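Working notes for the structure below.
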Amino acid sequence: MKQFKQELNSVHLSEEQRQRIMKKVQQGHVTAPSHWPYRIVLSSFVALAIFFILLSMELPQLTTANHAFSYLETTHDKHFRKLLLLASISLLLVLTASIMAIRLLYVTERWQTKPVVRKAKQILRAYRQMWAWHMLTPIIWGILLIIWWNTIDRASYPIFNTLLLLPVYVWLSTSYLLLIHLRIANATWKDALRWHSYVTLYITIVFLLFVPSLFIADTQAWFWHVLYILTILHITFLLFAYSNRKTKQPSCPHCQHVLTAKEGRKIYFATLNKQCPHCQQPVYITQKSRQSTSIVWLFPLQSLFLANFFHVSWILVVLAFISSAYYFYFYVLTLQVELSAEKEDDTIKPLW
Amino acid sequence: MQIEQIIHTYGDYLYRVAFIYTKDINAAEEVVQDVFFNYSRKSIQYKGDATLKTYLVKMTINRSYDYLRSWKNKRLVLLEKIQGKPSPTTEQLLIQMESRGEVTKAVLALPIKYREIILLYYYEDFSIREIATLTNTLESTLKSRLQRAREKLKITLQDKEVLEDETIQTRIE
């Protein structure tokens, strides 16, 4: 075994490795231990569960008010069961989205120093009873309306649909608002205000989309629309949380200037002469971040892919695609960018 | 002791320990880096019950197990099994191992539990009792492991010697 000792003693750190370790220990950047990829597993599970639920159900067709009216009256029980199931799934998705959003607020370390996040956490802490009631509201609302369902006159049915869906609309909007608000926590107040105007516009569009539910009696079809948006929001949220778990805002390798989202976008989309806006030195996107951003380019396609499983109008699909593309390409993408001072070898390395 | 000095003193040693566990030089570097980083952050937790070397070795063992349990490592192992070809790191490793010697190669071919006992007992000169404390395993289990590891090593090394002799003989003929 002396030979073993001698052989093993020949294994040692090179000077370069030693310097690298020293530098990383002093800088405080170290590879985080990989966690169980619960986000991927969870999202896959949710997607699969939704897929099988859809598969086991007959997909409803969007019908005119009169047609739907007679259809609903004849097959009331079956229809009601489906409606209940869809309503339950919607509520479940809404609740989990809210819980995940709040969790993200506490977990994301680089947000902890931001005054907006501190304020949001203060509000959450101070009004936790209020938040709990707020989360329970859609459930209570749904139960009350289901009780009311059997007592009301069928003539008031179209308005009833909107009332039933109202908490879902509100939750949909507030979840999105929270998501955007968290993202802009490191932006200036001017940016924040600008973003609030976009959010207002988005909510308006969403509400306008659901206005026809006042006139069309097929509640199920409108639930499909809501489910579609909720599912997209969920997947968006999961992808956002997953893709941002380790990343920081990109910084210049020369002057360590932390780039804003706008500056990051400019560098990422510039075809030639990528340079730091602060020190004007040339910068290059690393091979690793180029690979990770290439995956982000695929994320918005979820809205098109999911449209096959939901009977939703094409306008909604297009709007969902545009909004998610805008969100991923302009915000998530730039967060993935990593800059280096030297150009890396562009050739694709062999796999083995 | 300053962290620079600690890295200088124990860096190579911990690197060897991590290498025997992970069988990958890049992973070993990553493990050592994590160990020093964690130590620099949580050095207050070290109360001096054991020597600093033992404390760092324990940290290295734990971190190496983390790596072996990680999805990154499992994916690499699975890919190797499916493709039947060595991944780049293994290839590099093999090239380096050629110059490293037969015994180390034989030790690396052993399963982790045997590799561990051989390393701790023969290289680090820990007693069975110390290893039992370090790895939280029964002394009797460790003794039988050591015995089996020796047997396995003996078979491997004997086979190699026979092969080498045969090749020498054919060359002469």
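Chains as they are written, first to last, in full-length UniProt numbering: chain A, 1 to 352; chain B, 1 to 173.
Beta carbons are placed, not taken as given, at the ideal position from N, Cα and C, and that holds for glycine.
Note that this is a predicted model, so its numbers are computed, not measured.
Cβ of Gln27 (chain A) within 7 Å of any chain B Cβ: no
Cβ-Cβ distance between Ala132 (chain B) and Leu146 (chain B) below 7 Å: no
Residue nearest to Gly20 (chain A) in terms of C-alpha spacing, selected from B:Phe37, B:Tyr13, B:Thr22: Note on identity: in this sequence residue 20 (chain A) is Arg, with Gly being the wrong assignment. Checking every option, the nearest Cα to that of Arg20 (chain A) belongs to B:Phe37.
Partners in chain A for Ile7 (chain B), counting only beta-carbon separations shorter than 8 Å: Arg18, Ile21, Met22, Val25
Residue-level contact to chain B via CB, Gln3 (chain A), 7 Å cutoff: yes
Arg148 (chain B) to Glu102 (chain B) span [Cα, whole Å]: 19 Å
Spatial distance of Glu139 (chain B) from Tyr329 (chain A) (CA atoms): 58 Å
Cys255 (chain A), buried or exposed, once every other Cβ within 10 Å from all chains shown has been counted against 16: exposed
Chain-ordered neighbours of Ile3 (chain B) on chain A, where CB pairs are closer than 9 Å: Met22, Val25, Gln26
Sequence-distant residues of its chain with Cβ nearer than 8 Å to His278 (chain A) (five each side left out): Cys252, Cys255, His257
Three-state secondary structure (DSSP) of Tyr284 (chain A): strand
Where Val258 (chain A) sits in the DSSP three-state scheme: strand
Residue from B:Glu116, B:Tyr55, B:Ile44, B:Ser40 whose Cα sits closest to the Cα of Arg65 (chain B): According to the sequence provided, residue 65 (chain B) is Tyr. The question's Arg does not apply to it. Checked all of B:Glu116, B:Tyr55, B:Ile44, B:Ser40; the closest Cα to Tyr65 (chain B) is B:Glu116.
Cα-Cα separation, Leu227 (chain A) to Val25 (chain A): 47 Å
Contact check, Thr293 (chain A) vs Ser340 (chain A), beta carbons under 7 Å: no
Cutoff 7 Å: Glu109 (chain A) Cβ touching any chain B Cβ: no
Reduced DSSP category for Ser251 (chain A) - H, G, I as helix; E, B as strand; rest coil: strand
Chain B contact for Glu344 (chain A) (CB, 7 Å cutoff): no
Backbone secondary structure at Gln275 (chain A) - three-state DSSP: strand
Cutoff 7 Å: Thr135 (chain B) Cβ touching any chain A Cβ: no
Below-7 Å beta-carbon distance, residue 176 (chain B) vs any chain A residue: Absent from the model: residue 176 (chain B). The displayed extent of chain B is 1 to 173, so no value can be given.
Cβ shell of Lys121 (chain A) (< 8 Å), same chain only, five flanking positions each side left out: Leu105, Tyr106
Residue-level contact to chain A via CB, Thr22 (chain B), 7 Å cutoff: no
Spatially closest choice to Met100 (chain A) from A:Arg110, A:Thr236, A:Arg125, by CA coordinates: A:Thr236
Coarse secondary structure for Leu339 (chain A), derived from DSSP in three states: strand
Secondary structure of Ser313 (chain A), DSSP reduced to three states: coil
For Leu230 (chain A) and Phe299 (chain A), the rounded distance between their alpha carbons: 16 Å
Which of helix, strand or coil DSSP assigns to Trp111 (chain A): helix
For Gly101 (chain B), three-class secondary structure by DSSP: coil
Local Cβ density within 10 Å of Ala155 (chain A), reported as buried at 16 or more and exposed below that: Its pLDDT being 49, under 50, Ala155 (chain A) is placed unreliably in this model, and the value from its coordinates should be taken loosely. With fewer than 16 Cβ atoms within 10 Å of its Cβ, Ala155 (chain A) is classed as exposed.
Option nearest Ala307 (chain A) by Cα separation, candidates A:Leu319, A:Phe269, A:Thr108: A:Leu319
Distance, Ile25 (chain B) Cα to Leu233 (chain A) Cα: 42 Å
Chain A contact residues for Phe19 (chain B), given Cβ-Cβ distances below 9 Å: Leu8, Val11
Three-way DSSP call (helix, strand, coil) for Pro300 (chain A) in this model: helix
Ser289 (chain A) - DSSP class collapsed to helix/strand/coil: helix
Beta-carbon spacing of Leu239 (chain A), Pro250 (chain A) below 7 Å: no
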